[in-house]
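Trainee:
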Amino acid sequence: MENLPGVGEPAYWEAAYARGADRWELGEPAPPLVALLNDHPPPPGRVAVLGCGRGHDARLLARRGCEVWGFDFAEPAIREARELARHDDPAPRFEQRDLFTLPEAYPAFFDGIWEYTCFCAIDPARRAEYVECVRKILRPRGWFLALFYPLDAQLLGPPFPVSQDEVHHLFDPFFEFEASAIPDTSIPRRLGKEWLVRATLKPRID
């Protein structure tokens with residue numbers, strides 16, 4: 064039997080785009096992010112959007128005054144994001160990149176990070192490594208905004224299930240959680256399955 068690519072390989076996600084199986088695609092910015100930016104916008108600065116897909120959230124953050132880098136594993140996602148943003152001013156920078164290589168390329172570079180459907184897409188065995196990457200690319204006291212999904216233990220994944228307890232276990236040593244809520248602005252099929260978090264990187268003690 065032919066070995067199929069796993070979630071840790073770009074080919075897995077590129078094949079999903081090719082066959083139209085990109086069911087994570089909303090075609091618009093995530094509604095909870097829109098609501099958050101309307102009510103509690105983060106300070107301007109450099110922002111990384113991890114697993115940016117076609118770049119809807121990245122473009123929204125750029126329109127709201129952030130200097131945005133969008134990263135994705137899949138070449139079709141980055142190509143389409145660049146095409147959608149070709150007339151934007153300001154436009155995000157979009158790069159095809161494995162997020163686990165970001166600390167070497169962007170150490171302590173970003174003021175903030177937006178996370179949505181990236182954490183749930185990676186191999187769950189690498190989630191601690193994900194947290195390490197996030198804290199290494201943030202500047203001191205950098206902010207982390209995340210819409211964790213799916214809060215559904217029945218899913219086999221991807222998307223792989225996420226729990227609030229696991230998130231706290233992984234992030235609490237490095238981040239101060241300032242606010243969290245189950246948003247009421249999620250799209251209908253994700254309502255009650257998303258958890259919006261705002262946190263700040265703790266001072267690093269080596």
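Residues in the sequence shown are numbered from 64 upward in steps of one, following the working numbering.
Don't be surprised by glycine CBs; every beta carbon is placed ideally from N, CA and C.
Since this is a predicted model, take the numbers as computed values, not measurements.
1) Kindly list the residues whose CB is nearer than 7 Å to the CB of Arg127, restricted to its own chain and excluding five residues on each side of it in sequence; keep chain order.
2) Taking 7 Å as the limit between beta carbons, can you name the residues of its chain near Leu233, skipping five residues before and five after?
3) In three-state terms, what does DSSP make of Leu15?
4) Could you name each continuous alpha helix (DSSP H) segment of 4 residues or more that falls completely within the stretch 187–257, going from the start of the chain to the end?
5) Report yes or no: do three or more beta-carbon pairs, one from the stretch 106–113 and one from the stretch 163–178, lie closer than 8 Å?
6) Within 10 angstroms of its Cβ, does Arg122 collect 16 or more other Cβ (buried), or is it exposed?
7) Give the secondary structure of Ile176 by DSSP, where H, G and I count as helix, E and B as strand, and everything else as coil.
8) Given that a residue counts as buried once 16 or more other Cβ atoms are within 10 Å of its Cβ, and exposed if not, what is Ile250?
9) Would you mind stating whether Trp258 and Gln217 have Cβ atoms separated by less than 8 Å?
10) Please go through the same chain and pick out, in chain order, the residues whose beta-carbon is closer than 7 Å to the beta-carbon of Asp135, but skip the five residues on each side of it.
11) Measuring alpha carbon to alpha carbon, tell me which residue in Gly118, Asp102 and Pro107 is nearest Asn89.
12) Is Arg267 near the ligand ZN, judged by its Cβ being under 7 Å from some heavy atom?
13) Among residues of its own chain, excluding the 5 on either side of Tyr212, which ones have a beta-carbon nearer than 8 Å to its beta-carbon?
14) According to the neighbour-count rule (16 or more other Cβ atoms, all chains shown, within 10 Å of its Cβ), is Glu143 buried or exposed?
15) Anyone know if the C-beta pair for Cys129 and Leu162 falls short of 8 Å?
16) Considering only the alpha carbon of each residue, which of Leu210, Leu165 and Phe157 lies closest to Thr248?
17) Can you tell which of His231, Asp102, Ser243 and Gly133 has its C-alpha closest to the C-alpha of Leu165?
18) What does the alpha-carbon distance come out to for the pair Lys265 and Ala93?
Mentor: Per the coordinate set shown:
1) Leu100 and Pro104
2) By the criterion of a C-beta distance shorter than 7 Å, Leu233 is surrounded in its chain by Arg190, Ala191 and Val194, once the five residues flanking it on both sides are discounted.
3) With the chain covering only 64 through 269, there is no way to say anything about residue 15.
4) 190–200 and 227–234
5) yes
6) buried
7) strand
8) exposed
9) no
10) If the five residues before and after Asp135 are omitted, its C-beta is found closer than 7 Å to the C-beta atoms of Gly114, Cys115, Gly116, Ile141 and Gln159, all from its own chain and listed in chain order.
11) The residue asked about is misnamed: residue 89 is Leu in this sequence, not Asn. Here the closest residue by C-alpha is Gly118.
12) Only the bare structure without any ligand can be found here, which leaves the ligand ZN out of the picture.
13) Close CB contacts of Tyr212 within its chain, under the 8 Å cut and outside five residues either way in sequence, are with Tyr179, Thr180, Cys183, Pro222, Val225, Arg253, Lys256, Glu257 and Trp258 (chain order).
14) buried
15) Contact flag unset, no.
16) Leu210
17) Gly133
18) Roughly 27 Å separates the two Cα atoms.
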